[in-house]
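Asker: One structure is given below, represented as structure tokens, and several questions about it will come after.
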Amino acid sequence: MRTAFIQSLTELAAQDPRITLVVGDLGFGVVTDFAKRFPKQYLNAGVAEQNMTGLAAGMAMAGRIVFTYSIANFPTLRCLEQLRNDVCYHNANVVVVAVGGGFSYGALGMSHHACEDIAILRSLPRMTVVAPGDPVEAKEATRAAAAGIGPVYLRLGRAGEPLVHEKPIAWTLGKALTVRQGDDATLISTGAMLHTAVRAADVLAADGLSVGVLSMHTVKPLDEEAILETARRTRCVVTLEEHSLLGGLGSAVAEVLCEAGIRDVAFKRIGLPSEFSKHVGEQEYLRKIHGLDVDSVVRCVRRLGKKDPPLLQYGGEDRPIIDRKTPTAKIA
Numbered sequence: 252m253r254t255a256f257i258q259s260l261t262e263l264a265a266q267d268p269r270i271t272l273v274v275g276d277l278g279f280g281v282v283t284d285f286a287k288r289f290p291k292q293y294l295n296a297g298v299a300e301q302n303m304t305g306l307a308a309g310m311a312m313a314g315r316i317v318f319t320y321s322i323a324n325f326p327t328l329r330c331l332e333q334l335r336n337d338v339c340y341h342n343a344n345v346v347v348v349a350v351g352g353g354f355s356y357g358a359l360g361m362s363h364h365a366c367e368d369i370a371i372l373r374s375l376p377r378m379t380v381v382a383p384g385d386p387v388e389a390k391e392a393t394r395a396a397a398a399g400i401g402p403v404y405l406r407l408g409r410a411g412e413p414l415v416h417e418k419p420i421a422w423t424l425g426k427a428l429t430v431r432q433g434d435d436a437t438l439i440s441t442g443a444m445l446h447t448a449v450r451a452a453d454v455l456a457a458d459g460l461s462v463g464v465l466s467m468h469t470v471k472p473l474d475e476e477a478i479l480e481t482a483r484r485t486r487c488v489v490t491l492e493e494h495s496l497l498g499g500l501g502s503a504v505a506e507v508l509c510e511a512g513i514r515d516v517a518f519k520r521i522g523l524p525s526e527f528s529k530h531v532g533e534q535e536y537l538r539k540i541h542g543l544d545v546d547s548v549v550r551c552v553r554r555l556g557k558k559d560p561p562l563l564q565y566g567g568e569d570r571p572i573i574d575r576k577t578p579t580a581k582i583a
């Protein structure tokens, strides 16, 4: 995804001199060409992410569209105050590019595991939160952010994410993409979990289950209409994210379903527990340990389809939310 991002940004910078890239003393193998071609649109702020964000806000308020770039935790959590007070409060055209969402840098340990970022960034006023599902979506998201739409959080994978979209897509900020049509259940994924969702849907199709896949590339603003439509139609919704169960995509979808009063829907969030991973290793290894691999997703959908009455499941627990005998939903 980061390659798709920098290619798109380079093309855009050639057309718009306002576009500026500020890095936190990393990514040189990725950004070298950009720096050589656009020396007046590039700055290395050093290992000083708080300064980087303040500089970006100042340049944005002077008329530039600024992209900051670093490993996921560092341009977000390390400089959260600057994001809130400098960027969001002033509605500045700053795009925070986080490379390595989730366990992308799994071998470097918890300091490089970005598992709380979506929850924190989506809570900031005026912040748009985008997590593309594959390199094709990453290109489209970069173009949308470069239009100057205020604060944006662009959460990317590290590298090597497979293509999911083999044909041109109609990508629109804030509108989910239907990747697979399904009638029995729907997997709603965000970020690089899209490929896992599609593979799981294919496995389930072989079992005779028609499972749809939605790429919820924009977590804020959320496509509530798409969520409600698929919930009413399939009556079984599973969210999938390489992120904490608290405050991410699953929480956002649950909020929509509960506030809309949707009943008789089996719902499950698949994500990470609210704890630091005790394991260190490659991304696929950590995904499997935490139930984010294809086999685990398939088992989850199979189990959920057999529940009666429907259950709200999360954090390893099953909690009934529907009492079929009365018209009032119960809170577990």
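Residue numbers for the sequence shown follow this note's numbering, so the first one is 252 and each next one is one higher.
Every residue gets a Cβ at the ideal spot worked out from N, C-alpha and C, and that includes glycine.
Every value quoted in this text rests on a predicted model; they were computed, and no experiment measured them.
1) Within the chosen definition, does the region 254 to 263 reach the region 385 to 397 through at least 3 CB pairs nearer than 8 Å?
2) Are the CB atoms of residue 451 and residue 545 nearer to each other than 7 Å?
3) Taking residue 446 as the reference, give the member of 377, 435, 408 and 458 with the closest Cα.
4) Give me whichever residues DSSP pairs with residue 404 in a beta bridge.
5) Between the Cα of residue 320 and the Cα atoms of 292, 351, 273 and 298, which residue gives the shortest distance?
6) What residue does the alpha helix (DSSP H) around residue 476 start on, and which one ends it?
7) Got a sec, what are the start and stop residues for the alpha helix (DSSP H) residue 550 sits in?
8) Which value, in whole angstroms, describes the spacing of the CA atoms of residue 311 and residue 285?
9) Between residue 303 and residue 348, what straight-line distance do the alpha-carbon atoms span, to the nearest angstrom?
10) Output the boundary residues of the beta strand (DSSP E) element that contains residue 328.
11) For residue 355, which residues of its own chain have a beta-carbon under 7 Å away from its beta-carbon, when the five flanking residues on both sides are left out?
12) Under three-state DSSP, which class holds residue 508?
13) By the DSSP assignment, the alpha helix (DSSP H) with residue 295 in it spans what residues?
14) Under 7 Å Cβ to Cβ from residue 449, same chain only, skipping five residues before and after it: list those, please.
15) Among 351, 372 and 543, which one has its Cα closest to the Cα of residue 499?
16) Would you mind sorting residue 352 into buried or exposed? The rule is 16 or more other CB atoms within 10 Å of its CB.
17) Pick helix, strand or coil for residue 451, following the three-state DSSP scheme.
18) So, do the region 472 to 486 and the region 421 to 429 have three or more beta carbon pairs nearer to each other than 8 Å?
19) Pick helix, strand or coil for residue 270, following the three-state DSSP scheme.
20) Would residue 491 and residue 528 qualify as a contact pair, given that the criterion is a beta-carbon distance under 7 Å?
21) For the alpha helix (DSSP H) that contains residue 279, what are its first and last residues?
22) To the nearest angstrom, report how far apart residue 264 and residue 487 are at their CA atoms.
23) Return the residue from the list 308, 530, 511 and 297 that minimises the CA-CA distance to residue 357.
24) With burial defined as no fewer than 16 other Cβ atoms inside 10 Å of the residue's Cβ, what is the status of residue 252: buried or exposed?
25) Grouping DSSP H, G and I as helix and E and B as strand, with all else coil, what is residue 398?
26) Put residue 425 into one of helix, strand or coil per three-state DSSP.
27) Helix, strand or coil: how does DSSP classify residue 321 here?
28) Measuring alpha carbon to alpha carbon, tell me which of 387, 480, 378 and 331 ends up nearest residue 443.
29) For a quick check, are the C-beta atoms of residue 378 and residue 402 less than 7 Å apart?
30) In the DSSP assignment, find the unbroken beta strand (DSSP E) run with residue 437 in it and report its ends.
Answerer: Straight from the coordinates:
1) As far as the Cβ criterion goes, the region 254 to 263 touches the region 385 to 397, which means the pair count is three or higher.
2) Here the question's residue 451 lines up with position 200 in the sequence shown. Here the question's residue 545 lines up with position 294 in the sequence shown. Closer than 7 Å, so yes.
3) Here residue 446 refers to the residue found at position 195 of the sequence shown. Closest option to residue 446, Cα to Cα, is 408.
4) What you label residue 404 is simply residue 153 of the sequence shown in a count that begins at 1. Beta-bridge partners assigned by DSSP to residue 404: 347 and 380.
5) Here residue 320 is taken as the residue at index 69 of the sequence shown, counted from 1. Here the closest residue by C-alpha is 273.
6) Sequence index remark: in the sequence shown, residue 476 carries index 225 (1-based). Counted as a single uninterrupted DSSP element, the alpha helix (DSSP H) harbouring residue 476 occupies residues 475 to 485.
7) Against the sequence shown, residue 550 aligns to sequence position 299. That run of the alpha helix (DSSP H) goes 545 to 556.
8) Locating residue 311 in the sequence shown gives position 60, counting from the first residue. Locating residue 285 in the sequence shown gives position 34, counting from the first residue. Looking at the backbone, the Cα of residue 311 and that of residue 285 are separated by about 19 Å.
9) As a working note, residue 303 is residue 52 in the sequence shown. As a working note, residue 348 is residue 97 in the sequence shown. Their backbone Cα atoms lie some 12 Å apart in a straight line.
10) On the sequence shown, position 77 is the one that residue 328 refers to. According to the DSSP assignment, residue 328 belongs to no beta strand (DSSP E), since it is labelled neither H nor E.
11) Working through the sequence shown from its first residue, we reach residue 355 at position 104. Hits under 7 Å: 408, 409 and 534.
12) Here residue 508 refers to the residue found at position 257 when the sequence shown is read from its first residue. Helix, per DSSP.
13) Here residue 295 corresponds to residue number 44 of the sequence shown, with the count starting at 1. Judged by DSSP secondary structure, residue 295 falls outside any alpha helix (DSSP H) and instead within the beta strand (DSSP E) spanning 293 to 295.
14) As a working mapping, residue 449 is identified with position 198 in the sequence shown. Result list for residue 449: 415, 430, 431 and 464, in chain order.
15) Counted from its first residue, the sequence shown places residue 499 at position 248. Nearest to residue 499 by alpha-carbon distance, out of 351, 372 and 543, is 372.
16) Within the sequence shown, the letter at position 101 stands for residue 352. Answer is buried; the Cβ neighbour count reaches 16.
17) Position 200 of the sequence shown, counting from 1, holds the residue named residue 451. In the structure shown, residue 451 adopts helical secondary structure according to DSSP, grouped into three states.
18) With three or more CB-CB distances shorter than 8 Å, the region 472 to 486 counts as touching the region 421 to 429.
19) Position 19 of the sequence shown holds residue 270. In the structure shown, residue 270 sits in a strand (DSSP, three-state: E or B).
20) Translated into positions along the sequence shown, residue 491 becomes position 240. Translated into positions along the sequence shown, residue 528 becomes position 277. Against a cut-off of 7 Å, the Cβ pair of residue 528 and residue 491 comes out as no contact.
21) The residue labelled residue 279 in the question sits at position 28 within the sequence shown. The continuous alpha helix (DSSP H) containing residue 279 extends over residues 279 to 288.
22) Mapped onto the sequence shown, residue 264 falls at position 13. Mapped onto the sequence shown, residue 487 falls at position 236. Between residue 264 and residue 487, the C-alpha separation is close to 44 Å.
23) For this step, residue 357 is matched to residue 106 along the sequence shown. The residue with the shortest Cα to Cα distance from residue 357 is 530.
24) Taking the sequence shown and counting its residues from 1, one reaches residue 252 at position 1. Buried, since its Cβ has 16 or more Cβ neighbours within 10 Å.
25) What you label residue 398 is simply residue 147 of the sequence shown in a count that begins at 1. Three-state result, residue 398: coil.
26) Position 174 of the sequence shown, counted from the start, is the residue given in the question as residue 425. The answer is coil: DSSP assigns residue 425 none of H, G, I, E or B.
27) Locating residue 321 in the sequence shown gives position 70, where the first residue counts as 1. DSSP places residue 321 within a strand segment (E or B) once states are collapsed to three.
28) Taking the sequence shown and counting its residues from 1, one reaches residue 443 at position 192. The alpha carbon of residue 443 has as its nearest neighbour, out of 387, 480, 378 and 331, the alpha carbon of 387.
29) Position 127 of the sequence shown, counting from 1, holds the residue named residue 378. Position 151 of the sequence shown, counting from 1, holds the residue named residue 402. Yes, the Cβ-Cβ distance between residue 378 and residue 402 is below 7 Å.
30) Numbered from its first residue, the sequence shown carries residue 437 at position 186. Per DSSP, the continuous beta strand (DSSP E) segment holding residue 437 begins and ends at 436 to 440.
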